[in-house]
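Novice:
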Amino acid sequence: MRIPFIAGNWKMNLSVTESVEFLDAIRGKLPNPDEVQTAIAASPLFLETMLRNNQGSPLIISAENCFYEDEGAYTGETSPKALAEMGITHVIVGHSERRKYFNETDDVINKKVQAVFRNHMIPIVCCDETMGRRESSNHISWVVSQVTAALKGVDIEQARQVIIAYEPSWAIGSGKTASTEEAEEGCYLIRQTIADLYSDEVANQVRVLYGGSVNDDNANKILAQKDIDGVLAGGASLKPDSFVRLANFQENN
Ligand code: 13P
Numbered sequence: 000m001r002i003p004f005i006a007g008n009w010k011m012n013l014s015v016t017e018s019v020e021f022l023d024a025i026r027g028k029l030p031n032p033d034e035v036q037t038a039i040a041a042s043p044l045f046l047e048t049m050l051r052n053n054q055g056s057p058l059i060i061s062a063e064n065c066f067y068e069d070e071g072a073y074t075g076e077t078s079p080k081a082l083a084e085m086g087i088t089h090v091i092v093g094h095s096e097r098r099k100y101f102n103e104t105d106d107v108i109n110k111k112v113q114a115v116f117r118n119h120m121i122p123i124v125c126c127d128e129t130m131g132r133r134e135s136s137n138h139i140s141w142v143v144s145q146v147t148a149a150l151k152g153v154d155i156e157q158a159r160q161v162i163i164a165y166e167p168s169w170a171i172g173s174g175k176t177a178s179t180e181e182a183e184e185g186c187y188l189i190r191q192t193i194a195d196l197y198s199d200e201v202a203n204q205v206r207v208l209y210g211g212s213v214n215d216d217n218a219n220k221i222l223a224q225k226d227i228d229g230v231l232a233g234g235a236s237l238k239p240d241s242f243v244r245l246a247n248f249q250e251n252n
């Protein structure tokens, strides 16, 4: 059984103080992690403070990005080794904003996935899709190629742990969520790609999330889809109340 994974990606929002206020506000309100896992990905500036203020909570504190080398002369980058040492267990890799604004290529994303595994953490690999590609209907090969490239060199035991997020960039921050059919199609495609790369058994274990204008109104319909195991929410994860409602989606069923 795949445990649902409800994650927030704060991006470059909030402050250290606000991150602590958020943790205070959600304390005791998250589901049992045996039933639903929850995570917030935040700026590396907050992670240590968040980990300290999160003790005893089931919330997973995740990083939003890291570099692909463990250490060295890479001014301004975040070391995956340092993240792991700090106690971080999950790292978002390949978000469409990293691809778009920081020119991250499939090759760079693959190196980052490997760096995250090398440091015994779990990558949350994002897979993009633009409206232009959807309209020209080559979105299928695009999704398949991103997943295939991101997982190059990833062995079967690592592949079982990976979390993949289908995040069409036209749905991110636009208030225009993909229809449930479009979201399911993207997540199904990702699962089929995993089956082709590894096996049906691995594909049945891997959790695939949908991201793009998810909120507590539309989450239930999205999460009811067969191949969607969770969500990666941006805006809806910034307010404690809406994150708590998303996390407790099963109670709203
Ligand atoms: P929004 O939920 O704000 O559209 O952002 C989605 C996203 O990019 C999560 O990684």
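Residue numbering for the sequence shown follows my numbering, starting at 0 and increasing by one per position.
From the three backbone atoms N, C-alpha and C, an ideal C-beta is built for every residue, glycine too.
Taking the alpha carbon of K238 as the reference point, which residue from I5, I2 and E17 has its own alpha carbon closest?
Specialist: E17
Novice: Quick one: is Y209 buried, meaning 16 or more other Cβ sit within 10 Å of its Cβ, or exposed?
Specialist: Y209 comes out buried.
Novice: Mapping DSSP to helix, strand and coil, what is S42?
Specialist: coil
Novice: Examine ligand 1 and report whether any of its heavy atoms sits within less than 8 Å of the Cβ of L13.
Specialist: no
Novice: What is the DSSP secondary structure of T37, reduced to helix, strand or coil?
Specialist: strand
Novice: What distance in whole Å lies between the Cβ atoms of I123 and A81, which are believed to be in contact at a cut-off of 8 Å?
Specialist: So it is not a contact: roughly 18 Å between Cβ atoms.
Novice: Assess contact between the region 137-146 and the region 112-120, defined as three or more Cβ pairs (one per stretch) separated by less than 8 Å. Is contact present?
Specialist: no
Novice: For N53 versus R97, is the C-beta spacing smaller than 9 Å?
Specialist: no
Novice: The beta strand (DSSP E) with F4 in it runs from where to where?
Specialist: F4 to N8
Novice: Where does S61 sit, in a helix, a strand or coil, going by DSSP?
Specialist: strand
Novice: Beta-carbon within less than 8 Å of T179's beta-carbon, same chain only, minus the 5 sequence neighbours each way: which residues are those?
Specialist: These residues qualify, in order along the chain: K220, I221, A223 and Q224.
Novice: Report the start-end ranges of each alpha helix (DSSP H) in the region 83-121 that is 4 residues or longer and not cut off at the edges.
Specialist: 95-100 and 105-117
Novice: Go ahead and pull the three-state DSSP assignment for G172.
Specialist: coil
Novice: With a cut-off of 6 Å, give the chain-ordered residues whose Cβ is closer than this to any heavy atom of ligand 1.
Specialist: N8, H94, E166, I171, G172, G210, G211, S212, V213, L231, A232, G233, G234 and A235
Novice: Check whether the region 72-89 touches the region 101-108, taking contact to mean three or more Cβ pairs, one atom from each stretch, closer than 8 Å.
Specialist: no
Novice: V213 to V112, Cα distance in whole Å?
Specialist: 25 Å
Novice: On the three-pair Cβ rule with 8 Å, is the region 28-43 touching the region 232-248?
Specialist: Yes, since at least three Cβ pairs between the region 28-43 and the region 232-248 fall closer than 8 Å, the two stretches touch.
Novice: What distance in whole Å lies between the Cβ atoms of C126 and I91, which are believed to be in contact at a cut-off of 8 Å?
Specialist: Contact flag wrong, Cβ pair sits at about 12 Å.
Novice: Quick one: which unbroken alpha helix (DSSP H) runs of 4-plus residues sit fully inside the region 224-249? Chain order, please.
Specialist: 239-246
Novice: Provide the residue span of the alpha helix (DSSP H) that contains G210, from first to last.
Specialist: Membership of G210 in any alpha helix (DSSP H) is not indicated; the residue belongs instead to the beta strand (DSSP E) covering R206 to G210.
Novice: Is it buried or exposed, G174, if we count other Cβ atoms within 10 angstroms and call 16 or more buried?
Specialist: It is exposed - the Cβ of G174 has fewer than 16 other Cβ atoms within 10 Å.
Novice: Check for me: the alpha helix (DSSP H) holding E166 runs from which residue to which?
Specialist: Run containing E166: none in the alpha helix (DSSP H); it sits in the beta strand (DSSP E), I162 to P167.
Novice: Using the DSSP secondary-structure output, state which residues sit across from E128 in a beta bridge.
Specialist: P167
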